[in-house]
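Numbering (the working numbering), first residue to last: 96 to 281. Even for Gly, the Cβ is constructed at its ideal location relative to N, Cα and C. Please read these numbers as outputs of a predicted model, since none were measured by experiment.
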Amino acid sequence: MLKNKFDNFDDKNFIDKKVRLAGIINDSIVDGPGLRLAVFFQGCNRNCLGCHNPHAMSHNGGNIFSTREILNIALSNKLLDGVTFTGGEPFLQSDSLYNLVEIFKKNNYHVAVYTGHTFDEILKEKKYVCVLNFTDILVDGAFIKNKKNLNLKYCGSSNQRVIDIKKTLKDINNSEKKICLNLDWL
Ligand code: SF4
């Protein structure tokens, strides 16, 4: 039986970390399925033409939050279905990102992560791959202006993909190209 994520939120092993954010929206309906907390990481190296969030590019902008503060904001909205980590580039603060995806996934939130990296690039970095342990969907690839398409669900340009991580990792692990992951939550 699923734990009740509000009355029985389990964080006894949670380690509070610092994270630089461009902002938080606690009632997003465009960053993944259902009603979501959208957490915008600050800092990105890509400088994509037509970036939807240019104020999130600077590495010195935004504000420092503790990951505990983000948990408390989520818990204050009992209507939330999930949490989306976007930016900016969330993987540039991969320790804090891991900390957050783990606590939210273990408490039965739907977890989405946006990144300018492709899925294949994520698979090559050990400290990035571990984030996938606790991710439901990954939206991969940088925004490309001449591939912009306003009709895409959760994406800004047609090169980006909404990847069902649970299904994709199972497919990979059933193939020759196995990845060593702890998939206990699946
Ligand atoms: S990856 Fe995203 S945040 Fe970074 S420059 Fe491109 S569109 Fe902007």
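Measure the alpha-carbon distance for residue 96 versus residue 203 and round it to whole angstroms. At residue 96, the pLDDT of 42 sits below 50, so the modelled position is not reliable and the matter cannot be decided from this model.
Could you pull out every residue in the same chain whose Cβ sits closer than 8 Å to the Cβ of residue 117, ignoring the five residues on either side in sequence? 135, 136, 137, 148, 150, 151, 156, 157, 182, 183
Coarse secondary structure for residue 205, derived from DSSP in three states: strand
Give a single yes or no on whether residue 131 has its beta carbon closer than 7 Å to a heavy atom of the ligand SF4. no
Mapping DSSP to helix, strand and coil, what is residue 171? coil
Identify which residue in 164, 200, 163, 190 has its Cα closest to the Cα of residue 176. 200
Go through its chain and collect everything with a Cβ distance to residue 227's Cβ below 6 Å, but skip five positions before and after it. 260
Bounding residues of the beta strand (DSSP E) (the contiguous stretch that carries residue 132): 131-136
Does the segment 161-176 touch the segment 99-113, meaning 3 or more C-beta pairs lie closer than 8 Å? yes
Should residue 183 be counted as a contact of the ligand SF4 given a C-beta to heavy atom distance under 7 Å? yes
Cβ separation of residue 119 and residue 168, assumed to be a contact under 8 Å, to the nearest whole Å: 6 Å
Let me check you understand the geometry: is the CB of residue 146 closer than 7 Å to at least one non-hydrogen atom of the ligand SF4? yes
Which residues DSSP lists as bridging residue 181, in chain order: 135
Expressed to the nearest angstrom, what Euclidean distance is found between the alpha-carbon atoms of residue 131 and residue 153? 25 Å
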